[in-house]
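Enquirer:
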Amino acid sequence: MFKNYLKIAWRNIFHHKAYAAINIVGLALGIAACLLILQYVNYELGFDRQHARKENIYRVIQDRYDNGKLSTQWAAGAYAVGSAFKEAFPEIDDYVRLNQAGSQVLRRGNDLIKLENPYFASSSFFKIFSFPLVKGDPATALKEPFTVALSETLAKKLFGSVDVLGKELKVTGDRIYKVTAVYKDMPSQSHMHFEALFSFASFVQLIGPDNNPDNAWNWDGCLTYLLLKPGTDPKKLEKKFMAVVTQKNGESLKQYNADVKYYLQPLTDIHLYSNRMLEAGANGDGKTTYLLMGIAFFVVLIAWINYINLATARAISRAKEVGIRKAVGSQRSQLIGQFLFESALLNAMAVALAFVIILAVVPLFNRLTGQSISIGQLGGGMFWLNFLLLYIAGSFISGIYPALVLSSFKPIVVLKGKLVHTTQGSYLRKGLVVLQFAASLFLLIGTLAVSKQIRYMKKQELGMNIDQTLVIKKPIVVTDSTFLNQLTSFKNSLEGQSGIQKASSSTSVPGEPVGWNAGGIRLLSQPENVAKQYRVIGVDYDYVDMFDLKVKAGRNFSRDFGEKKGVIFNESAANQIGFTKPEDAIGKDIFFWGDTLRIVGVVHNFHQQSLRDAFEPLILRLFPDVRGYISLKVHAADVKGSITKVEKEWNRFFPGNTFEYFFLDEHFNSQYKSDQQFGLVFGIFTTMAIFVACMGLFGLASFTTLQKTKEIGIRKVLGASVNSILKALYQEFAWLILVAFVIATPIAWFAINKWLEGYAFRMRPDTITFVLPLLVILLVALITVSYQTIKAALANPVHSLRTE
Amino acid sequence: MITLEHISKWVTTAGLRTFLLKDINLTIKEGEFVSIMGPSGSGKSTLLNVIGMLDDADEGKYDFMGNQVHSMKEKQRSQLYKQYIGFVFQAYHLIDELTVYENIETPLLYQDTKSTERKAMVGDMLDRFQMVGKKDLFPTQLSGGQQQLVGIARALISSPKLILADEPTGNLNSRQGEEIMELFKKLNEEDGVTIIQVTHSEKNAAYGNRIIHLLDGRIEHPR
Numbered sequence: 004m005f006k007n008y009l010k011i012a013w014r015n016i017f018h019h020k021a022y023a024a025i026n027i028v029g030l031a032l033g034i035a036a037c038l039l040i041l042q043y044v045n046y047e048l049g050f051d052r053q054h055a056r057k058e059n060i061y062r063v064i065q066d067r068y069d070n071g072k073l074s075t076q077w078a079a080g081a082y083a084v085g086s087a088f089k090e091a092f093p094e095i096d097d098y099v100r101l102n103q104a105g106s107q108v109l110r111r112g113n114d115l116i117k118l119e120n121p122y123f124a125s126s127s128f129f130k131i132f133s134f135p136l137v138k139g140d141p142a143t144a145l146k147e148p149f150t151v152a153l154s155e156t157l158a159k160k161l162f163g164s165v166d167v168l169g170k171e172l173k174v175t176g177d178r179i180y181k182v183t184a185v186y187k188d189m190p191s192q193s194h195m196h197f198e199a200l201f202s203f204a205s206f207v208q209l210i211g212p213d214n215n216p217d218n219a220w221n222w223d224g225c226l227t228y229l230l231l232k233p234g235t236d237p238k239k240l241e242k243k244f245m246a247v248v249t250q251k252n253g254e255s256l257k258q259y260n261a262d263v264k265y266y267l268q269p270l271t272d273i274h275l276y277s278n279r280m281l282e283a284g285a286n287g288d289g290k291t292t293y294l295l296m297g298i299a300f301f302v303v304l305i306a307w308i309n310y311i312n313l314a315t316a317r318a319i320s321r322a323k324e325v326g327i328r329k330a331v332g333s334q335r336s337q338l339i340g341q342f343l344f345e346s347a348l349l350n351a352m353a354v355a356l357a358f359v360i361i362l363a364v365v366p367l368f369n370r371l372t373g374q375s376i377s378i379g380q381l382g383g384g385m386f387w388l389n390f391l392l393l394y395i396a397g398s399f400i401s402g403i404y405p406a407l408v409l410s411s412f413k414p415i416v417v418l419k420g421k422l423v424h425t426t427q428g429s430y431l432r433k434g435l436v437v438l439q440f441a442a443s444l445f446l447l448i449g450t451l452a453v454s455k456q457i458r459y460m461k462k463q464e465l466g467m468n469i470d471q472t473l474v475i476k477k478p479i480v481v482t483d484s485t486f487l488n489q490l491t492s493f494k495n496s497l498e499g500q501s502g503i504q505k506a507s508s509s510t511s512v513p514g515e516p517v518g519w520n521a522g523g524i525r526l527l528s529q530p531e532n533v534a535k536q537y538r539v540i541g542v543d544y545d546y547v548d549m550f551d552l553k554v555k556a557g558r559n560f561s562r563d564f565g566e567k568k569g570v571i572f573n574e575s576a577a578n579q580i581g582f583t584k585p586e587d588a589i590g591k592d593i594f595f596w597g598d599t600l601r602i603v604g605v606v607h608n609f610h611q612q613s614l615r616d617a618f619e620p621l622i623l624r625l626f627p628d629v630r631g632y633i634s635l636k637v638h639a640a641d642v643k644g645s646i647t648k649v650e651k652e653w654n655r656f657f658p659g660n661t662f663e664y665f666f667l668d669e670h671f672n673s674q675y676k677s678d679q680q681f682g683l684v685f686g687i688f689t690t691m692a693i694f695v696a697c698m699g700l701f702g703l704a705s706f707t708t709l710q711k712t713k714e715i716g717i718r719k720v721l722g723a724s725v726n727s728i729l730k731a732l733y734q735e736f737a738w739l740i741l742v743a744f745v746i747a748t749p750i751a752w753f754a755i756n757k758w759l760e761g762y763a764f765r766m767r768p769d770t771i772t773f774v775l776p777l778l779v780i781l782l783v784a785l786i787t788v789s790y791q792t793i794k795a796a797l798a799n800p801v802h803s804l805r806t807e
Numbered sequence: 602m603i604t605l606e607h608i609s610k611w612v613t614t615a616g617l618r619t620f621l622l623k624d625i626n627l628t629i630k631e632g633e634f635v636s637i638m639g640p641s642g643s644g645k646s647t648l649l650n651v652i653g654m655l656d657d658a659d660e661g662k663y664d665f666m667g668n669q670v671h672s673m674k675e676k677q678r679s680q681l682y683k684q685y686i687g688f689v690f691q692a693y694h695l696i697d698e699l700t701v702y703e704n705i706e707t708p709l710l711y712q713d714t715k716s717t718e719r720k721a722m723v724g725d726m727l728d729r730f731q732m733v734g735k736k737d738l739f740p741t742q743l744s745g746g747q748q749q750l751v752g753i754a755r756a757l758i759s760s761p762k763l764i765l766a767d768e769p770t771g772n773l774n775s776r777q778g779e780e781i782m783e784l785f786k787k788l789n790e791e792d793g794v795t796i797i798q799v800t801h802s803e804k805n806a807a808y809g810n811r812i813i814h815l816l817d818g819r820i821e822h823p824r
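Sequences listed follow chains U and R, in order. Quick note, my numbering runs 3 ahead of the 1-based positions in the first sequence. Quick note, my numbering runs 601 ahead of the 1-based positions in the second sequence.
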């Protein structure tokens, strides 16, 4: 029986090559697109799943409140949290603390090697997380002070081998650490990427016996992960945290009228849903991931609809076969089986082709989108599961409706040639086409909105000038007494160079989050309990000038005043500390961690970060000799020459140090890289979706015009012109697209606004965002159907009427 | 073999009932060769379709070899039908995408006949109709007479007790028509197959041993 089905299916494909090609290519494109996206989505969804106890690992996150208002949200919290909670709640099995070890530089002979993102980790790290060790014992690895665990790559880089247990490392401050473990490099699907982990016990020693982390409720910055006993309800547990916090730290919080709330965040949620301060690294974006998933679904849906449309449109030519089969004894179920089998066969060819397409485009896809899907990864179980699911779902979803329609024909009706197309069927086909175009329009509107938002963000006035700005990263020289002087002399020597207009050093430069967050800041005249949190940048005298910040009230820092204790607020900060008019802030003294500093000026808000982020209360604090980035304004005429000069000076002042620099405008715009990639991915798949939809439309147009041949013939005989016939034919398709537009617009409107919520500064979607896609789709669709309709309209009616 | 009692069939248009068949009472015994005649629109084909279970009557009783067809479900009817009845059409109705061999084989597929058995049966049939050389051709490569032979071969493959033929020679020239009629006669006489044919031609009707005249959906009884 199946052999017979196979034969007839194959011959049908073979005899109607164009029809089959449209179907197979359309399905293949849809499936390929869907699989590629799903591959990416799976990757994003698969973070931190390698840990054996992932279900029971939670991170303690904190929300800080000032005067009952949410001020900052942190991934890290107080150091004492781990031990205090463990002591208070038997549900907690174990905890691990992690904190940034700052910039650590290793000495290897004369070479200096800077560690990327090193952390201190307490001894339970390798017990709680399943990062396999190549060498060493997970139970004891990070127990002792001044021990360190290295990643395999780092160990090989430093020692050329992984047999390094007991070897010694000399880091910043000439501190010696002993290697006690080597771990396999942390996988890319992990929210933690540590090259080296120093034992937390070292940190305890470094801060001295007066500072016990177990009692440290008021200094932040510690990532705490809890291992809960199996079966613990995290929601119930986190409700009990408040009592402990109040008991241990209530007094102090009350004094500042502040509040801290701790929550539990599942380990596996961190990558997609966490974007807090002091994350262990940059995380992904759940919203984008799910949006992409939606796109994947749309694309494959469009392809399936093609199949349904074409198959039912072709039903008439299959009707006779159905009639005969029924007349010779076939049951309906057998016919359904046959047509499902055909759809399964076509889908099989489509998935095979899809696989070839994927293999061909993966490198291109990776390059365009910055993804790293490898061919090897495609072999993963998830990939094949998706592959299989798409195949089975596709065969069934695309096959079942045509099968039901075809198998329902009554043999005596079709065998007498009485079957004409049913209005019901044509309504359904129209409905499906509308759905396809609604999906295409939705995607196109989305693409436009994304690119518009990116353009908007790039074009917006930043409130500062970052053009022609060269930024040099600070040297990684181990601190010594002459360092500060050296840095200042270096800066001064540059200022004298021709081609360099300005120079300034600061702890942060625009285009990245400000790393320094300070709490407890208030006006000297205010009580302690109104103190709030601010972002702080340490700057020299030239910073405001360098970036062309606009002073709104007061003045810039000035060497003439010989001031050392000045601060400049931005408007948000002035506002937050209590001034509605910036002028009022001038000359007021603030309390800053025991220091008294005077507000000398207020600058207009400027975009320290991308326009995704809102303005934050920001304080520029004057440190005449601040160390950090050195920004240089160079002449546009001879950028290359300037760089060479700067490098020469660098090598003179800091021999042995690599000269690392970047251009600030590029650095700033790189914040939009992920947005741009998202826009690109969106665009690529939208194009594919529209292409597939048009293929279907082409097929459908051939059938409908075929059906209308007689009508067109009669009209022409009655005197209709070619133009009027074309108009009538076009009108029909144009209507469908207009209906699709009416459906797609509100949904797109809603989705765009939802997406824009993630941006503090957003464009307003205008009429063009919606109308342009409509025009594009109308045009593309009309071109698609033109071939068929013009052919039909030009045909000599004698032929079409004679065939009766 | 077949007993029709008070069989009526109608269509309703604008509230008006138009009878396609009206109060048909008919008994056909096994081994008969019956010709149904009548002008266009008299209900010949409808009657044949009702007998062949391709169509339902709106009223009346239909007994086929002891089975109450009018009260059966579609599935049972289909079972009964594919076991006992073979259909021959005026327009042949072969599946264009299948070869001669495969067309003849199709009914067997729906009866779950084993593959080796199928081979033998189709082979016999091809022999009998002297079409062995044509078995791999597609219907469009055959003449009308040859196509109809394939259609008959297909109807006979499942050794039906009853053959229903709707103007089987309508699209054929007279020589081909005669051959088909001779074939029917031989099947009827030698193999004992019951045959009911619809025909316009007196000459073809004469091959049978009984003629039923239809007019406006009623059986005209010889006066």
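Where is the CB? At the ideal position from N, CA and C, for every residue including glycine. From a predicted model like this one, the values you see are computed outputs, not experimental measurements.
According to a CB-to-CB cut-off of less than 9 Å, which residues of the stretch 655-681 of chain R neighbour chain U?
Expert: Leu-655, Asp-656, Glu-675, Lys-676, Ser-679, Gln-680
Enquirer: What are the residues of the stretch 314-332 of chain U that lie near chain R, defined by any Cβ-Cβ distance shorter than 9 Å?
Expert: Cβ contacts with chain R come from Lys-323, Glu-324, Gly-326, Ile-327, Arg-328, Lys-329, Ala-330, Val-331, Gly-332.
Enquirer: Could you give the distance in angstroms between the alpha-carbon of Leu-617(R) and the alpha-carbon of Asn-756(U)?
Expert: Taking the second sequence and counting its residues from 1, the one referred to as residue 617(R) is at position 16. Taking the first sequence and counting its residues from 1, the one referred to as residue 756(U) is at position 753. About 59 Å.
Enquirer: Please report the Cβ distance between Val-547(U) and Leu-621(U), rounded to the nearest whole angstrom; I am assuming they are in contact, meaning their Cβ atoms lie under 8 Å.
Expert: As a first step, residue 547(U) must be located in the first sequence, where it is residue number 544. As a first step, residue 621(U) must be located in the first sequence, where it is residue number 618. About 12 Å; that fails the 8 Å criterion.
Enquirer: My guess is that Thr-510(U) and Gly-631(U) are in contact by the Cβ rule of under 8 Å, so how many angstroms apart are they, rounded?
Expert: Locating residue 510(U) in the first sequence gives position 507, counting from the first residue. Locating residue 631(U) in the first sequence gives position 628, counting from the first residue. Contact holds; Cβ gap of about 4 Å.
Enquirer: In chain order, which continuous runs of the alpha helix (DSSP H) of length 4 or greater are located wholly inside the stretch 306-389 of chain U?
Expert: 318-330, 335-372, 378-381
Enquirer: If the cut is a Cβ gap below 8 Å, which residues of chain U does Arg-719(R) touch?
Expert: Translated into positions along the second sequence, residue 719(R) becomes position 118. Within chain U, no residue comes near Arg-719(R); the closest Cβ sits about 10 Å away, beyond 8 Å.
Enquirer: Taking a cut of 7 Å between CB atoms, which residues from the stretch 734-764 of chain R lie near chain U?
Expert: Arg-755
Enquirer: Which of the three DSSP states, helix, strand or coil, is assigned to Gln-791(U)?
Expert: Working through the first sequence from its first residue, we reach residue 791(U) at position 788. Three-state DSSP puts Gln-791(U) in a helix.
Enquirer: Return the chain-ordered ranges of every alpha helix (DSSP H) run that is complete within the stretch 102-159 of chain U and spans a minimum of 4 residues.
Expert: 128-131
Enquirer: Could you tell me if the beta carbon of Lys-630(R) falls within a distance shorter than 7 Å of some heavy atom in the ligand HEM?
Expert: By its list of ligands, the structure shown contains no ligand whatsoever, and the ligand HEM lies outside what it can speak to.
Enquirer: Residues of chain R with CB closer than 9 Å to the CB of Asn-7(U), please, in chain order.
Expert: The count along the first sequence starts at 1 and reaches residue 7(U) at position 4. Chain R residues near Asn-7(U): Leu-699, Glu-703, Glu-706, Thr-707, Leu-710.
Enquirer: Tell me the rounded alpha-carbon separation between Leu-627(R) and Pro-640(R).
Expert: Within the second sequence, residue 627(R) is the residue found at index 26, counting from 1. Within the second sequence, residue 640(R) is the residue found at index 39, counting from 1. Their backbone Cα atoms lie some 19 Å apart in a straight line.
Enquirer: What residues of chain R sit near Pro-414(U), judged by a beta carbon separation below 8 Å?
Expert: Position 411 of the first sequence, counted from the first residue, corresponds to residue 414(U). Within chain R, the residues near Pro-414(U) are Leu-655.
Enquirer: For Gln-456(U) and chain B, any beta-carbon pair shorter than 8 Å?
Expert: This model lacks chain B altogether, as its protein chains are U and R.
Enquirer: Please confirm whether Thr-806(U) has its beta-carbon closer than 8 Å to some beta-carbon of chain R.
Expert: Position 803 of the first sequence, counting from 1, holds the residue named residue 806(U). With a pLDDT of only 47 at Thr-806(U), under the threshold of 50, the placement of this residue in the model should not be trusted; the figure read from the coordinates follows. With 8 Å as the cut-off, Thr-806(U) does not count as an interface residue toward chain R.
Enquirer: Looking at the secondary structure, which residues open and close the alpha helix (DSSP H) in which Trp-653(U) lies?
Expert: Along the first sequence, read from residue 1 onward, the residue named residue 653(U) stands at position 650. 642-656 is the span of the alpha helix (DSSP H), which, as asked, contains Trp-653(U).
Enquirer: According to the neighbour-count rule (16 or more other Cβ atoms, all chains shown, within 10 Å of its Cβ), is Phe-134(U) buried or exposed?
Expert: Position 131 of the first sequence, counting from 1, holds the residue named residue 134(U). The residue in question, Phe-134(U), is buried, as its Cβ has 16 or more Cβ neighbours within 10 Å.
Enquirer: For Asn-7(U), does the three-state DSSP call read helix, strand or coil?
Expert: The sequence position of residue 7(U) within the first sequence is 4, counting from 1. The answer is helix: DSSP assigns Asn-7(U) an H, G or I state.
Enquirer: For Val-651(R) versus Ala-766(R), is the C-beta spacing smaller than 8 Å?
Expert: Numbered from 1 along the second sequence, position 50 holds the residue referred to as residue 651(R). Numbered from 1 along the second sequence, position 165 holds the residue referred to as residue 766(R). Not in contact: Val-651(R) and Ala-766(R) (Cβ atoms no closer than 8 Å).
Enquirer: List the whole-angstrom C-beta distance separating Ile-809(U) from Leu-667(U), where the pair is believed to meet the contact cut-off of C-beta under 8 Å.
Expert: Within the shown structure, residues of chain U are numbered from 4 to 807, placing residue 809(U) beyond reach of any answer.
Enquirer: With a cut-off of 8 Å, does the C-beta of Lys-10(U) fall near any C-beta of chain R?
Expert: Position 7 of the first sequence, counted from the start, is the residue given in the question as residue 10(U). For Lys-10(U), the answer is yes, since a Cβ of chain R falls inside 8 Å of its Cβ.
Enquirer: Just list the residues that DSSP pairs Trp-738(U) with in beta bridges.
Expert: Mapped onto the first sequence, residue 738(U) falls at position 735. Answer is none; Trp-738(U) lacks a bridge partner.
Enquirer: Tell me where the beta strand (DSSP E) around Ser-634(U) begins and ends.
Expert: Counting from one through the first sequence, the residue named residue 634(U) turns up at place 631. That run of the beta strand (DSSP E) goes 632-637.
Enquirer: Of all the CB atoms in chain R, is at least one closer than 8 Å to the CB of Gln-334(U)?
Expert: Mapped onto the first sequence, residue 334(U) falls at position 331. Taking Cβ atoms only, chain R reaches closer than 8 Å to Gln-334(U), which makes this a yes.
Enquirer: For His-694(R) and chain U, any beta-carbon pair shorter than 8 Å?
Expert: As a working mapping, residue 694(R) is identified with position 93 in the second sequence. Taking Cβ atoms only, chain U reaches closer than 8 Å to His-694(R), which makes this a yes.
Enquirer: Inspect the CB distances between the stretch 292-305 of chain U and the stretch 99-106 of chain U and report whether three or more fall short of 8 Å.
Expert: no
Enquirer: Which residues share a DSSP beta bridge with His-814(R)?
Expert: Residue 814(R) sits at position 213 when you count from the first residue of the second sequence. DSSP lists Met-638(R), Glu-821(R) as partners of His-814(R).
Enquirer: Let me check understanding here. Comparing Cα to Cα, which of Met-245(U), Gly-211(U), Glu-760(U), Thr-227(U) lies closest to Pro-269(U)?
Expert: What you label residue 269(U) is simply residue 266 of the first sequence in a count that begins at 1. With respect to the C-alpha of Pro-269(U), the residue from Met-245(U), Gly-211(U), Glu-760(U), Thr-227(U) having the closest C-alpha is Thr-227(U).
Enquirer: Under 8 Å: do the stretch 141-157 of chain U and the stretch 122-131 of chain U share three or more Cβ pairs, one atom per stretch?
Expert: The stretch 141-157 of chain U, when compared against the stretch 122-131 of chain U, does touch it at the 8 Å Cβ threshold.
Enquirer: Hey, how far is the Cα of Val-533(U) from the Cα of Asn-260(U)?
Expert: Working through the first sequence from its first residue, we reach residue 533(U) at position 530. Working through the first sequence from its first residue, we reach residue 260(U) at position 257. Those two C-alpha atoms are separated by around 6 Å.
Enquirer: If Ser-410(U) and Ile-319(U) are in contact, beta carbons under 8 Å, what's the gap, nearest whole angstrom?
Expert: By one-based count along the first sequence, residue 410(U) stands at place 407. By one-based count along the first sequence, residue 319(U) stands at place 316. With 8 Å as the limit, Ser-410(U) and Ile-319(U) do not qualify as a contact, their Cβ atoms being about 14 Å apart.
Enquirer: When the Cα atoms are used, what is the spatial distance from Lys-809(U) to Trp-519(U)?
Expert: Here chain U has residues from 4 to 807 only, and residue 809(U) is not among them.
Enquirer: Alpha carbon to alpha carbon, how far is Val-635(R) from Asn-15(U)?
Expert: Indexing the second sequence from 1 puts residue 635(R) at position 34. Indexing the first sequence from 1 puts residue 15(U) at position 12. Approximately 39 Å, taken between the alpha carbons.
Enquirer: Name the DSSP bridge partner or partners of Pro-269(U)?
Expert: By 1-based counting over the first sequence, the position of residue 269(U) is 266. Note: Pro-269(U) sits in a beta bridge opposite Tyr-61(U).
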